[in-house]
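Here the structure comes first, spelled out in C-alpha cells, and everything after it is commentary.
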Ligand SMILES: *Cc1c(COP(=O)(O)O)cnc(C)c1O
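Residue numbers (my numbering): 16 to 396.
Now the structure itself:
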C-alpha cells in the first residue's frame, strides 16, 4: 500500500479522463487540420474541449490556447511580453521571488536579452508585498507576473488586487494558476487578469498538456512558428487526446470543486493541528488561512528534509522536501528563503499535498511516522 501525498508535483489521472482520451489514441487518429469528415471529428473534439474549458473560467473559447503545460504557458507570456519591441528601449517586467522556476528561469532568459526584471518580496506567510510591487512600476513596465497560489507553501496571492494595480497603470497582468485552478473560483469576467497558465497533470489530467488563457485584445506573439493551428499562435499538430483529457479533467474538477475543497480542508486542518500539538517547535510554512486546500508544509528543527522524505519513502509515503524541480539540488528552496527562513529551517522543510480521497487512518499513519522519524533524527546528535 502506498500513501501518495505529493499531489502538488503531479496527480493521478481519473478513469473518466483516460476513457475520454482513449478513442483519440486509437480509432480517432485523424489530423485535425485535414479536410475530411474523419479528421473533422478530431477537430470538433478540440473545439468542444476549448468551449468546455472556457465554461470553467467564464471566458470565450477564442481566449484559450492549448499548450504542452504550465511551463510552456509561462514561458510564452514572459518571453513574448518581456521581449516585445520598444523602439530601442529595454522592457521591464515585474514578478515575485516565490514564482515557480518556469517563471523565474524565463525571467532570467529575458534579463540576458532586452529586459530588466524586478522581483517583489513577500511577508513571512508568503503574501506578495503590494506596496513594493507598486513601487517597482516604471513607464517601461510591460508585464506583471505573479502566481495565483504557491506550489510549495500553498499561500494564495491577492491576484484581484494585483490585477487592479496593473490595470491602473495599463500594464498586462499574467498569473500562473497551475496550483489555483480548480481549487479557487476563477471568473475571467470579474478578475482583472490578462493571461493565465494552467497545467493538466496537476488536476488529474494527462502530463504534457495545458493551456494559456489570453484575454481578447491582449496582444501576444506566436510562440511556435509553423502551421496555422491555434489561430496561428501556437503551431504544431494538436495533442488531441491530451486536450480532450485536459478538458474532461477540468470540467469534472470544477463541478466537484466545493465538495473536494471542503473535504481536503478538513483533512488538511486536522493534520496541521495534530502536527502543531504533537511535534515540538514545528513551524507551519505559508499562510494559516489563505492557503491551498491540499497543502501542508512544515519546518522541523535539527532535521534534514531530504532525510525525512527518504524515511517516509521507506514507510511507503510519498512526500516532498521542496518543489520536485529543486529537491535534487542541495540549495535551500528559494520560496522558503524568500519568506525569511534560515538555511537550517529551509532545509528542514517537508511538504505534504493531499487529495480528497485520503482517509483519516492514512492521515494518522503519516503523522505517526512523521513523529517517529523526527524524534529519531533529533536524538542523533
Ligand atoms: C507544476 C507547475 C508548473 C509547471 O507545469 P508543467 O505542466 O509541469 O510544465 C508551473 N507552475 C506551477 C505553480 C506548478 O506547480
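The beta carbon of each residue, even a glycine, is placed where N, CA and C say it ideally should be.
Bridge-paired residues (DSSP) for residue i
{"i": "residue 131", "result": "107"}
{"i": "residue 368", "result": "21 and 310"}
{"i": "residue 225", "result": "82 and 214"}
{"i": "residue 332", "result": "18"}
{"i": "residue 239", "result": "249"}
{"i": "residue 29", "result": "Looking at the DSSP assignment, residue 29 forms no beta bridge with any residue, so it has no partner."}
{"i": "residue 299", "result": "313"}
Pick from the options that is closest to residue i, judged by C-alpha positions
{"i": "residue 304", "options": "51, 281 and 217", "result": "281"}
{"i": "residue 146", "options": "385, 325, 164 and 180", "result": "180"}
{"i": "residue 16", "options": "140, 389 and 376", "result": "376"}
{"i": "residue 234", "options": "49, 186 and 270", "result": "186"}
{"i": "residue 276", "options": "176, 36, 19 and 195", "result": "195"}
{"i": "residue 71", "options": "202, 184, 98 and 45", "result": "202"}
{"i": "residue 68", "options": "258, 302 and 298", "result": "258"}
{"i": "residue 385", "options": "34, 209 and 325", "result": "325"}
{"i": "residue 387", "options": "52, 251, 323 and 240", "result": "323"}
{"i": "residue 95", "options": "118, 83 and 113", "result": "118"}
{"i": "residue 87", "options": "215, 311 and 279", "result": "215"}
{"i": "residue 33", "options": "113, 263, 59 and 104", "result": "263"}
{"i": "residue 175", "options": "184, 148, 167 and 205", "result": "205"}
{"i": "residue 38", "options": "260, 394, 165 and 291", "result": "260"}
{"i": "residue 298", "options": "51, 356 and 151", "result": "356"}
{"i": "residue 148", "options": "168, 121 and 183", "result": "183"}
{"i": "residue 93", "options": "284, 123, 137 and 54", "result": "123"}
{"i": "residue 18", "options": "330, 273, 312 and 141", "result": "330"}
{"i": "residue 359", "options": "374, 314 and 169", "result": "314"}
{"i": "residue 293", "options": "164, 383, 44 and 207", "result": "383"}
{"i": "residue 164", "options": "150, 272 and 113", "result": "113"}
{"i": "residue 291", "options": "312, 272, 271 and 273", "result": "312"}
Whole-Å CB distance - residue i paired with residue j, under 8 Å assumed
{"i": "residue 109", "j": "residue 159", "result": "5 Å"}
{"i": "residue 197", "j": "residue 268", "result": "4 Å"}
{"i": "residue 318", "j": "residue 392", "result": "5 Å"}
{"i": "residue 193", "j": "residue 301", "result": "Incorrect: roughly 16 Å between the Cβ atoms, too far for contact."}
{"i": "residue 307", "j": "residue 171", "result": "7 Å"}
{"i": "residue 61", "j": "residue 266", "result": "The pair is not a contact, with the Cβ atoms about 15 Å apart (cut-off 8 Å)."}
{"i": "residue 352", "j": "residue 364", "result": "The Cβ separation is near 11 Å, so there is no contact."}
{"i": "residue 40", "j": "residue 219", "result": "Their Cβ separation, rounded to whole angstroms, is 18 Å, which puts residue 40 and residue 219 out of contact at 8 Å."}
{"i": "residue 36", "j": "residue 221", "result": "7 Å"}
{"i": "residue 121", "j": "residue 89", "result": "6 Å"}
{"i": "residue 354", "j": "residue 168", "result": "7 Å"}
{"i": "residue 56", "j": "residue 43", "result": "6 Å"}
Own chain residues within Cβ distance below 6 Å of residue i, not counting five before or after
{"i": "residue 111", "result": "135, 143 and 161"}
{"i": "residue 65", "result": "76 and 79"}
{"i": "residue 238", "result": "91 and 249"}
{"i": "residue 316", "result": "296"}
{"i": "residue 25", "result": "216"}
{"i": "residue 321", "result": "336"}
{"i": "residue 23", "result": "166 and 368"}
{"i": "residue 242", "result": "250"}
{"i": "residue 225", "result": "82, 84, 85, 88, 213, 214 and 215"}
{"i": "residue 310", "result": "169 and 368"}
{"i": "residue 209", "result": "187, 188, 230 and 233"}
Same chain, Cβ closer than 7 Å to residue i, five either side skipped, listed in chain order
{"i": "residue 231", "result": "75, 77 and 78"}
{"i": "residue 20", "result": "332, 333, 334, 367, 368, 369 and 381"}
{"i": "residue 245", "result": "80 and 81"}
{"i": "residue 371", "result": "275, 278 and 279"}
{"i": "residue 58", "result": "47"}
{"i": "residue 378", "result": "282, 285 and 286"}
{"i": "residue 104", "result": "155"}
{"i": "residue 253", "result": "47, 61, 81 and 244"}
Cut-off 8 Å between Cβ atoms - residues of its own chain near residue i, not counting five sequence neighbours on either side
{"i": "residue 107", "result": "130, 131, 132, 133, 153, 155, 156 and 157"}
{"i": "residue 98", "result": "106, 125, 128, 129 and 130"}
{"i": "residue 13", "result": "Nothing in the structure corresponds to residue 13, since the chain is present only between 16 and 396."}
{"i": "residue 373", "result": "18, 20 and 282"}
Inset, instruction - At 3 residues or longer, and completely inside the region 31-88: list those beta strand (DSSP E) runs for me, N to C. - result: 79-82
Legend entry - Inside the region 111-198 only - beta strand (DSSP E) runs reaching at least 3 residues: 130-135, 156-160 and 187-191
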